[in-house]
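Take the sequence shown: its position 11, counted from the start at 1, is 11 in full-length UniProt numbering, and no numbers get skipped.
Note sheet for the following structure.
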Amino acid sequence: MTIPELDGLKIEVTEEGEGTRETRRGDTIEVHYAGFLGVGEDKTEKGNEFDTSYKRNQPLKFTAGQGQVIKGWDEGLLGMKIGEERTLNIHPSLAYGNRDVGNGLIPPNSTLIFTTKLVSIAGVSPGE
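Laid out in structure tokens, this is it:
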């Protein structure tokens with residue numbers, strides 16, 4: 001299922017979550033992810049993986065919609081249910097823009113592709 005696009009953000013649900021409670025701004029959430037550079041003519045193919053929480057065996061914990069992560073994540077992870085998996089294709093304007101991140105790990109003006117899985121929403125039980 002593809003969610004209607006925001007300008008510069010394409011969201012594809014690759015695995016449905018459980019329950020009815022969805023993430024919203026202000027929720028403390030934990031997300032497993034893998035990040036790739038977008039390559040190809042339309043930047044929709046996965047290039048080099050530049051980061052992943054799976055290798056650390058620890059999801060990233062942050063407050064949704066509060067600017068603690070890139071804007072593409074703040075918007076692209078809202079409305080998820082626990083266990084849901086999404087692929088986010090994020091335009092540079094919603095990622096790092098013209099900045100070089102990690103000494104060339106993420107070059108300026110890079111489109112980023114993230115595979116994400118919502119592990120938890122603080123205070124919400126799976127299936128809730």
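Here a beta-carbon is modelled for each residue, glycine too, at the ideal position from N, C-alpha and C.
The model shown is predicted, which means the values in this text are computed figures rather than measured ones.
Practice prompt. Count the CB pairs spanning the region 69-86 and the region 47-59 that are closer than 8 Å, and state whether there are at least three.
Written response: No: the two stretches stay apart, fewer than three of their Cβ pairs being nearer than 8 Å.
Worksheet item: Should H89 be labelled buried (16 or more other beta-carbon atoms within 10 Å of its own) or exposed?
Response: Looking up residue 89 in the sequence shown gives position 89. Looking at the sequence provided, one finds Asn at residue 89 rather than His. Buried is the call here.
Worksheet item: Around the Cβ of residue 150, are there at least 16 other Cβ atoms within 10 angstroms (buried) or fewer (exposed)?
Response: Absent from the structure is residue 150, since the part of the chain shown begins at 1 and ends at 128.
Worksheet item: If you check the beta carbons only, do V31 and L77 fall under 9 Å apart?
Response: Residue mapping note: residue 31 aligns to position 31 of the sequence shown, counting from 1. Residue mapping note: residue 77 aligns to position 77 of the sequence shown, counting from 1. Taking 9 Å as the Cβ cut-off, V31 and L77 qualify as a contacting pair.
Item to complete: With a floor of 3 residues, list each beta strand (DSSP E) that falls wholly inside the region 56-80, ordered by position along the chain.
Response: 60-63
Discussion item. If the criterion is Cβ atoms closer than 9 Å, does the pair E12 and I82 meet it?
Written reply: In the sequence shown, residue 12 corresponds to position 12, counting from 1. In the sequence shown, residue 82 corresponds to position 82, counting from 1. One thing to note: E12 has its Cβ no nearer than 9 Å to the Cβ of I82.
Worksheet entry | Same chain, Cβ closer than 6 Å to V124, five either side skipped, listed in chain order | Along the sequence shown, one-based indexing puts residue 124 at 124. Counting only Cβ-Cβ distances below 6 Å, and skipping sequence neighbours, we find R21.
Practice prompt. Give me the Cα-Cα distance between R25 and S120, rounded to the nearest whole angstrom.
Written response: Along the sequence shown, one-based indexing puts residue 25 at 25. Along the sequence shown, one-based indexing puts residue 120 at 120. When rounded, the distance between both Cα atoms is 14 Å.
Item to complete: Out of E84, G102, K10, state which residue places its alpha-carbon closest to the alpha-carbon of E45.
Response: Here the question's residue 45 lines up with position 45 in the sequence shown. Per the Cα distances, K10.
Worksheet item: How long is the line joining the alpha carbons of G79 and G35, rounded to whole angstroms?
Response: As a first step, residue 79 is located in the sequence shown; it is residue number 79 there, counting from the start. As a first step, residue 35 is located in the sequence shown; it is residue number 35 there, counting from the start. About 20 Å.
Worksheet item: Do A64 and T28 have their C-beta atoms within less than 9 Å of each other?
Response: Against the sequence shown, residue 64 aligns to sequence position 64. Against the sequence shown, residue 28 aligns to sequence position 28. Yes, Cβ-Cβ distance for A64 and T28 is below 9 Å.
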